[in-house]
Amino acid sequence: ITWEDPLWFSDEESVLNKLPIYPNDQRLWALLAALRRNVSADELSRRTGIDPWFTRSFSRIIAMEKTIESNNLFYDLLRKAKRLGFTDQRIGELVNQSAKDIRKLRKKLNITPVYKMVDTCAAEFEAQTPYFYSTYETENEAEPLHGKKALVLGSGPIRIGQGIEFDYCSVHAAWALQEEGVKSILVNSNPETVSTDFDTSDRLYFGPLDEESIFDIIDNERLANDPEQGDNPPSIVQFGGQTAINLSQNLDRESMPILGSTAHTINVASDRHLFEEFLRGINIPTPPGGSVSNIEEALQVANEIKYPVLVRPSYVLGGRAMEIVQTPEELQRYMNDALEAGEGRKVLIDKYFVGKEVEVDAVCDGESVLIPGIMEHVERAGVHSGDSMAIYPGLTLTKQEIATITDYTTRIGKSLNIKGLMNIQYVIVGGNTYRSPGSITEGTSEYEKTEIFVIEVNPRSSRTIPFISKVTGVPMVNLAVKAMLGKKLTDMGYGTGLFSAQEIVGVKAPVFSMSKLTGVDTYLGPEMKSTGEVMGIDHDFESAISKALIAANLRLPEKGSILLSISDEDKKQSGRLIQNLVDAGYDLFATEGTASLISELGKKVVAIPKRLNEGHPNVVDIIVNGTVNAVVNTITGNGSAVQDGFHIRRAAVEKRIPCFTSIDTATAAAESLTSEGPNYNVKSMPEYIRTPQGKSRNAK
326 ITWEDPLWFS
336 DEESVLNKLP
346 IYPNDQRLWA
356 LLAALRRNVS
366 ADELSRRTGI
376 DPWFTRSFSR
386 IIAMEKTIES
396 NNLFYDLLRK
406 AKRLGFTDQR
416 IGELVNQSAK
426 DIRKLRKKLN
436 ITPVYKMVDT
446 CAAEFEAQTP
456 YFYSTYETEN
466 EAEPLHGKKA
476 LVLGSGPIRI
486 GQGIEFDYCS
496 VHAAWALQEE
506 GVKSILVNSN
516 PETVSTDFDT
526 SDRLYFGPLD
536 EESIFDIIDN
546 ERLANDPEQG
556 DNPPSIVQFG
566 GQTAINLSQN
576 LDRESMPILG
586 STAHTINVAS
596 DRHLFEEFLR
606 GINIPTPPGG
616 SVSNIEEALQ
626 VANEIKYPVL
636 VRPSYVLGGR
646 AMEIVQTPEE
656 LQRYMNDALE
666 AGEGRKVLID
676 KYFVGKEVEV
686 DAVCDGESVL
696 IPGIMEHVER
706 AGVHSGDSMA
716 IYPGLTLTKQ
726 EIATITDYTT
736 RIGKSLNIKG
746 LMNIQYVIVG
756 GNTYRSPGSI
766 TEGTSEYEKT
776 EIFVIEVNPR
786 SSRTIPFISK
796 VTGVPMVNLA
806 VKAMLGKKLT
816 DMGYGTGLFS
826 AQEIVGVKAP
836 VFSMSKLTGV
846 DTYLGPEMKS
856 TGEVMGIDHD
866 FESAISKALI
876 AANLRLPEKG
886 SILLSISDED
896 KKQSGRLIQN
906 LVDAGYDLFA
916 TEGTASLISE
926 LGKKVVAIPK
936 RLNEGHPNVV
946 DIIVNGTVNA
956 VVNTITGNGS
966 AVQDGFHIRR
976 AAVEKRIPCF
986 TSIDTATAAA
996 ESLTSEGPNY
1006 NVKSMPEYIR
1016 TPQGKSRNAK
């Protein structure tokens, strides 16, 4: 609540003039800024129409801020501040102390939260649900659980970059703990998830996923001299995405036990310098790069590794603020923005390779590694993995590439001493840049030279865990929890190494909510934009991708018209796309440069002006009036190229027609039109999946 826009000046009248009358994402902060400048709660209600009950509540919070700043922290003041919701971090900021110091003072004064049971029976009769929230009252209703137990840290709010896939992992982790006779204690802050259903785990704490909240819960569950558990119950941080994994170092600093991969292992994988040093030590290549903290260092690193480069802040989720930079000018602009944000994180700079991206999820027990399957992305490297379409098994990968990826994954898992899950992303450079899964014979042959680089290693669950668990029949979370508890993969019945491929094809496709995000560009790049995912499964690629496209609302109609605006870089890869569209009976409309290419290929096309001031009908007109049923608009680089096509992409979103910004996605979608079929097989999941003898066929 301390953030303020630089446009809000220090005097009262300036803040009032900037106060948003209508709700937006800055309104709450603007209200608090006005209260700090002595604007009354009633004046805010008069100007905004917000009920005085709320503005007066805000006013009490700001009044407490001022009281804390001007007084010593005695018992009554600190207790009152905690009851108003002040965190240790915020109190520390107000009195120039650390959150750790405030926590010590709280414990010394015996100011700690108690936990109350959520009344799921509306007071009609006594509730028995183990569902608790914290409050600074006196009576504690959550006595410590006896016996073996472990905390599972959830992922918090569902947002871009961290979706329901991690909740799947948290739920399956709770179930796996219960199977092993360990009481599961889930911690999450999102009521709209399965993990926060009261009957998912043995106990549920509904609260923030921050250091203070987790430490308080551990304190509440502590049983001194417990012969089965020890003093502090261990925490599992692997299944809550980046939110949970970011807490690992805090837990380790306070000597709190972590189940699975250690905080050191997590830090090696997350710290750029340590990670590169680790990979060099085991002779596995990674794209050259470095971490920088100012513009001069950034320009030096980029000059050494050559443009284009991939830049991003460290320790972020969903590729937030990630960008492909082509020139020193673009890099300076990016660094200025990153430094202005002032988050104190270093910026990572890597050489950007155009190539085939491959993703692997694996289970490790510290000694052995199980790889359920290898997924290849339809889109080349440069599109965030969360926005890419993933295919299982890797249909265009050569035997040598599969062997190399398996070897690298196994060596990384063993050398990092991973216990639980890990996700690795690779890029294959060389050979044929685009390999069509629908036409495997055009893929890289066994004799073409390719290089494989490790892009990143995530020592945690990934958003592809539900997908790969379902299409392979390998219960990854269940096996990972057992490995964390000390069991060996060799005893779990699924073997080690690369699991034999199923006789099916699975396609994971992203789902977007662009129509609800006004003004957001639909262009896909290294920063994630999708809000969910779907999967298609069948016995061949064409049928599987057709199902996935239908579920994602990206399926091209069987016949119709399409607008093509293809970048110069992608034109040499567009021949198959154009031929498939013509074979499917599509009428082609294209911007001038793309129309020239299509004409040279001997195909019929209607040229349409790209710029809106060059006459009618233009590109937006034919989208809005329904002339075309779909759009392909690809670009190369950033800046003006992105802006030129923005009106095309937004018009397609508003019209709710498929819009492809990657030549690879468009080509795959078009191939599904010209296949013989698609021959849909409607079956239940267990009917598709072959599992080891004696194992359940139900991949949940």
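Counting from 1 along the sequence shown, just add 325 to a position and that's the residue number in our numbering.
Just so it is clear, CB atoms sit at the ideal spot from N, CA and C, and this is done for glycine as well.
All values derive from a computational prediction rather than experimental measurement.
C-alpha gap between residue i and residue j, whole angstroms
i, j, result
"Ile988", "Gly818", "42 Å"
"Pro610", "Asp596", "16 Å"
"Ile436", "Glu537", "13 Å"
"Gly606", "Phe824", "27 Å"
"Val836", "Val703", "15 Å"
"Glu466", "Asp675", "52 Å"
"Ser892", "Thr919", "8 Å"
"Gln414", "Asn396", "17 Å"
"Glu601", "Asn783", "14 Å"
"Lys343", "Pro800", "53 Å"
"Gln827", "Ile862", "11 Å"
"Gln625", "Thr460", "52 Å"
"Glu449", "Tyr456", "17 Å"
"Ser370", "Thr521", "35 Å"
"Asn557", "Asp865", "51 Å"
"Ile561", "Pro482", "18 Å"
"Ser924", "Lys896", "13 Å"
"Ala406", "Asn513", "23 Å"
"Asp535", "Ser480", "11 Å"
"Ile973", "Lys884", "21 Å"
"Leu529", "Asn748", "28 Å"
"Val340", "Ala355", "7 Å"
"Gly844", "Asp444", "42 Å"
"Glu329", "Asp350", "12 Å"
"Leu434", "Phe540", "17 Å"
"Lys508", "Pro613", "45 Å"
"Arg936", "Gly951", "19 Å"
"Val949", "Gly707", "30 Å"
"Asp492", "Gln563", "11 Å"
"Tyr848", "Ser997", "22 Å"
"Ala594", "Glu781", "8 Å"
Assigned secondary structure, residue i (DSSP; H/G/I helix, E/B strand, else coil)
i, result
"Phe450", "coil"
"Pro482", "coil"
"Gln487", "strand"
"Ala594", "helix"
"Met747", "strand"
"Val672", "strand"
"Asp865", "coil"
"His702", "strand"
"Pro791", "helix"
"Asn314", "Outside the shown range of the chain, which is 326 to 1025, sits residue 314, and nothing can be said about it."
"Ala876", "helix"
"Lys807", "helix"
"Ser855", "coil"
"Ser886", "strand"
"Thr735", "helix"
"Asn545", "helix"
"Glu781", "strand"
"Pro1011", "helix"
"Ala932", "strand"
Assumed close pair residue i, residue j - CB separation to whole angstroms, cut-off 8 Å
i, j, result
"Ala869", "Val830", "4 Å"
"Ser713", "Leu673", "Wrong, their Cβ atoms sit about 20 Å apart, outside the cutoff."
"Met700", "Thr821", "Contact doesn't hold; Cβ gap of about 19 Å is too wide."
"Gly970", "Ser890", "6 Å"
"Leu398", "Leu430", "6 Å"
"Arg705", "Glu684", "With a Cβ gap of about 13 Å, Arg705 and Glu684 do not count as contacting."
"Ile903", "Lys929", "Rounded, the Cβ-Cβ distance is 11 Å, inconsistent with contact."
Contact set for residue i: own chain, Cβ-Cβ below 7 Å, skip 5 residues either direction
i, result
"Glu726", "Ile753, Thr775 and Ile777"
"Leu906", "Ile887, Leu913 and Ala995"
Chain-order list of residues whose beta-carbon lies under 6 Å from that of residue i (same chain, five-residue window excluded)
i, result
"Ile427", "Asp413, Ile416 and Gly417"
"Phe985", "Val957 and Ala991"
"Ile490", "Here residue 490 is Glu; the residue named in the question, Ile, does not match the sequence. Result list for Glu490: Arg788 and Pro791, in chain order."
"Pro934", "Gly940 and Asn943"
Neighbourhood of residue i by C-beta, 8 Å cutoff - its chain only, sequence neighbours within 5 removed
i, result
"Asn1028", "One cannot answer for residue 1028 here, as it falls past the ends of the chain, which runs 326 to 1025."
Exercise for review: Kindly confirm or deny that the region 726-739 and the region 848-866 touch, where touching means at least three C-beta pairs closer than 8 Å.
Suggested key: no
Practice item. Count the C-beta pairs between the region 681-698 and the region 806-816 that are closer than 8 Å, then say yes if the count reaches three, no if not. Key: yes
Exercise for review: Report yes or no: do the region 578-594 and the region 481-499 share at least 3 C-beta pairs separated by less than 8 Å?
Suggested key: no
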